Structures are given as structure tokens and as C-alpha cells.
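Enquirer:
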Amino acid sequence: MSKLNFFSGPAVLPDSVMQQAADAIHNFDNTGLSILEISHRSKQFVKVMDEARALVKELMGLDANYEVLFLHGGALSQFHMVPMNLLNANETASYFDTGTWAHGALTEAKLFGNVHIACSSKDKNYTYIPREYNIATGNKYLHLTSNNTIYGTQINTPYLNQIIDTDTPIVCDMSSDIFSRQLNYNKFALIYAGAQKNAGAAGTTMVILNKDILGTAKRPIPKMLDYSRHIGADSMLNTPSVFAVYVSYLTLKWIKEQGVANLQAANQRKADKLYAAIDGSSLYKGTVEKDSRSQMNVCFLLNDETLNDKFNAYAEQHDVLGLKGHRSVGGFRASIYNAMPESGVDTLIEVMKEFERMA
Ligand SMILES: *Cc1c(COP(=O)(O)O)cnc(C)c1O
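Residue numbers (my numbering): 195 to 553.
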């Protein structure tokens, strides 16, 4: 690809993944049929689903009691599926309120039970991850958003390791940083992530859960919203998003080839050099407290905001796309997920420096 894709999601995919996905549209696994027209019950696709689920477990080093599901409805549907399956009406769950998505998750949970806000950074427009939090007594689970895509904040690895070192079940929205770093994933009770940021194309959502947390819900749960039913059907309770699952499968194989440890090191280098360029410039400025900075979504403003449109046009002329910040924040955001090569970040920095010299 000649253009560099810094969009926040759907987002950049490895070239090799797109090539294989394109080939499978014409002839999937030598069936002479397209991946778009093949039965989800065909042995070729069942193999894709099984291998994709196994790859997630392998990449995360998960114990035998974990299950992996590829569901519909986006990460947003997990905002209600989680409390529907885990939180009874008289019970309390604690939530980190660290951004638009985190807030969305806790708002939905209130439909099902009591919500305790463990901490909030709303006071400063979500530009930091609070260092102090408290959990409700008799807490059912603690919900985190590991990376706040819109605001460019992330729970850094040492702090996240500290938070998950607890007996409280941890539920985590990892939509925008899944597979970006090594963690002790067995410390999480449930992880969910829309695939379209760091793990594939739009249309499927990964749910990774420890089976031990299920079975306490007292309410009736509609079939399609019941984790146990999805587990019992090997993630094929109805027709899955065949093509989206296939793209995730290809992406998971690519992640395995790269190695999560290597991707983590590259993500660190990419983020470090981009933040260093921002900090070293007199035109650009970061928006987030330093120890809360995301390695996936780098948000910045121009000191002279009258130059915003000019900067955006200049970047686009130089094949750097997708830098406009989320409409609720403004400014700029470079999303530098796993599949963004280091050379792409180097080009972005070059373009930013050239623009500053001209401005
Ligand atoms: C993008 C995003 C969502 C929303 O995901 P959908 O798949 O569009 O529902 C939720 N949480 C986080 C952290 C996100 O980045």
C-alpha cells in the first residue's frame, strides 16, 4: 500500500493479511468457492473458527478453563452482555470511568445492577488514568478499559499489572490494544475487543472468558446474549461473520509470526519516537499526562490551531491519512497499532517536521 493509514478503526492491516483475504474471496482454501459464499458449517470454515479460537488462547497463554468466542454486535454489545451475564440486580460492579467507551460501559451496566465508580478522570476531560481507585464492598467484578482510543490514554503495563493483582474478577475492554503487549492474561476473568482496531476487520468481536465466572445470573437471558450458549455451540450459535472471522484468523497468524514480545518492543519504539518528536517541537503538543500516554493512539494539538486544516491537507498530500482527532476531542490522533510499521511512523515524523519548518 502506498498510503499510510493512521485511522483509529477500522484500521491498518498487514499487507499479507489483505492479500490472503483477497485471494480467499476468489478461491478459499482450494475449494473453488469464495469465502463469501461458503457454508459456515463446511469443514474448511469450522477449521478456521477452531484455529482462530485456539490461536487467541495460545497468544495469551491461557489456561484450559478459558473460552474464546467470536460474536456479533461490536464491543458495544459487550457493554450490556457483561452485566447481563455477570451482575444480578442486587449486586454491585466497579468501573473505571476513563473515557467515552468506559463511560458507555458503566451506563449500560446500570440497566442490570448497581454500579460503583472506582475512579474517574472526567474532571480533566479524560486526559489521564487516575492513580487511585476503590472497589465496592462485595464487588462482583472490576471493569477496565485498558486503552482509551478517543483520548489517547492507556493503563501502562506496570500499573495494569498492579491493578490485576487482586481476587476481584477483572473485566477488560481491550478493543484498541489487544495483542499489543504481554500480560498475565490468566488474571483476567473476561476480555473483549472489537476486531477492527488491532485484530482484524470490522464485523466480529472477540470475547475471552474464564468459564468459572458464569452460572450466577438469576435473570432469564436471551439465547443470543448468553455466553454459556455461545460456548456450548463452539461460537457458532448462529451464522458467524464468516469473512470477518477469517480476517481475524489471518491477523492472529500474522501476530504469531511476529511474536507478541516483538510487537510490544516495536510498539514501544514507535510510540517513544513519536512522542519525542511532539515534545521536541514548538508547533505540536501532546494532550495526555505522560505516564498515561497510549502506545496505540497518539493525540496531539497544534499550538497554532489556525493551521489545523493546512496541516491535515499537507499530511494527506504526503499520503499520511487518518490523523484527524475524534470529533469529541478535536486536534489530531495518530493510531499506530501493531500493523503500522516503524517506517510508517518515521514517515509521519518526517512529514510533521517538514510542515513545522514551513509553517
Ligand atoms: C472502538 C471502541 C469501542 C466500540 O467498538 P464497536 O466495535 O464499534 O462497538 C469500544 N471500546 C473501545 C475501547 C474502542 O476503542
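The beta-carbon is built from N, C-alpha and C at its ideal position, and this holds for glycine as well. Predicted, not measured: the structure shown is a model, and the values here were computed from it.
1) With C-beta atoms as the reference, is residue 481 less than 8 angstroms away from residue 514?
2) Considering Cα atoms alone, identify which of 368, 363, 471 and 446 is closest to residue 350.
3) With DSSP collapsed to three states, give me the class of residue 334.
4) Relative to ligand 1, is the shortest distance from any of its heavy atoms to the C-beta of residue 370 smaller than 7 angstroms?
5) For residue 438, collect the residues of the same chain with a Cβ closer than 6 angstroms to its Cβ; drop the 5 residues on either side in sequence, then sort them by chain order.
6) Helix, strand or coil: which one does DSSP assign to residue 469?
7) Considering Cα atoms alone, identify which of 309, 198, 226 and 239 is closest to residue 434.
8) Any heavy atom of ligand 1 within a distance shorter than 7 angstroms of the CB on residue 319?
9) So, helix, strand or coil for residue 372, using DSSP?
10) Name the two residues that bound the continuous beta strand (DSSP E) containing residue 528.
11) Since residue 308 contacts residue 286 with CB under 8 angstroms, what's their CB separation in whole angstroms?
12) Report the residue ranges of all alpha helix (DSSP H) runs contained in full by the segment 407 to 446; include only those spanning at least 4 residues, in chain order.
13) Tell me which residues share the same chain as residue 464 and place their Cβ nearer than 6 angstroms to its Cβ, disregarding the 5 neighbours each side in the sequence.
14) At a cut-off of 7 angstroms, is residue 461 close to ligand 1 when judged by its beta-carbon and the heavy atoms of the ligand?
15) Between the segment 219 to 232 and the segment 542 to 550, are three or more C-beta pairs nearer than 8 angstroms?
16) Just to check my reading of the structure: residue 262 and residue 448 have Cβ atoms closer than 8 angstroms, yes? What is that Cβ distance to the nearest angstrom?
17) In the structure shown, what three-state DSSP assignment does residue 300 receive?
18) Is the beta carbon of residue 347 within less than 7 angstroms of some heavy atom of ligand 1?
19) Taking all protein chains shown into account, do 16 or more other C-beta atoms lie within 10 angstroms of the C-beta of residue 352, making it buried, or fewer, making it exposed?
20) Tell me the residue span of the beta strand (DSSP E) that contains residue 226.
21) When you compare only the Cα positions, how much space is there between residue 508 and residue 528?
22) Can we count residue 466 as close to ligand 1, meaning its CB is less than 7 angstroms from some heavy atom?
23) Buried or exposed: where does residue 414 fall if 16 or more other Cβ atoms within 10 Å of its Cβ makes it buried?
24) Should residue 203 be listed as close to ligand 1, given that the test is whether its C-beta is under 7 angstroms from any heavy atom?
25) Can you find a heavy atom of ligand 3 that lies under 7 angstroms from the Cβ of residue 341?
26) Using a Cβ-Cβ distance under 8 angstroms, would residue 539 count as near chain D?
27) Using 8 angstroms as the cut-off, can you tell me whether the segment 202 to 220 makes contact with the segment 385 to 393, which would need three or more C-beta pairs spanning the two stretches below that distance?
28) When the Cα of residue 326 is compared with those of 300, 356 and 301, which residue comes out closest?
Expert: In terms of the structure at hand:
1) Taking 8 angstroms as the Cβ cut-off, residue 481 and residue 514 do not qualify as a contacting pair.
2) Ranked by Cα distance from residue 350, the options 368, 363, 471 and 446 are led by 368.
3) strand
4) yes
5) Counting only Cβ-Cβ distances below 6 angstroms, and skipping sequence neighbours, we find 395, 397 and 398.
6) helix
7) 239
8) no
9) coil
10) 526 to 529
11) 4 angstroms
12) The segment 407 to 446 contains these whole alpha helix (DSSP H) runs: 421 to 426.
13) Hits under 6 angstroms: 530, 536 and 539.
14) no
15) Taking a contact to require three or more Cβ pairs closer than 8 angstroms, the segment 219 to 232 and the segment 542 to 550 do not qualify as touching.
16) Their Cβ separation, rounded to whole angstroms, is 17 angstroms, which puts residue 262 and residue 448 out of contact at 8 angstroms.
17) Secondary structure of residue 300 (DSSP, three-state): helix.
18) no
19) The residue is exposed, with fewer than 16 neighbouring Cβ atoms inside 10 Å.
20) Looking at the DSSP string, residue 226 is not in any beta strand (DSSP E), and its letter there is neither H nor E.
21) 15 angstroms
22) No.
23) Taking all protein chains shown into account, residue 414 has fewer than 16 neighbouring C-beta atoms within 10 Å of its C-beta and is therefore exposed.
24) Yes; taking the cut-off as 7 angstroms, the Cβ of residue 203 has a heavy atom of ligand 1 nearer than that.
25) Because ligand 3 does not appear in the structure shown, any question about it cannot be addressed here, the ligands present being ligand 1.
26) No chain D appears in the structure shown, which is made up of a single protein chain.
27) yes
28) Measuring from the Cα of residue 326, the nearest candidate turns out to be 356.
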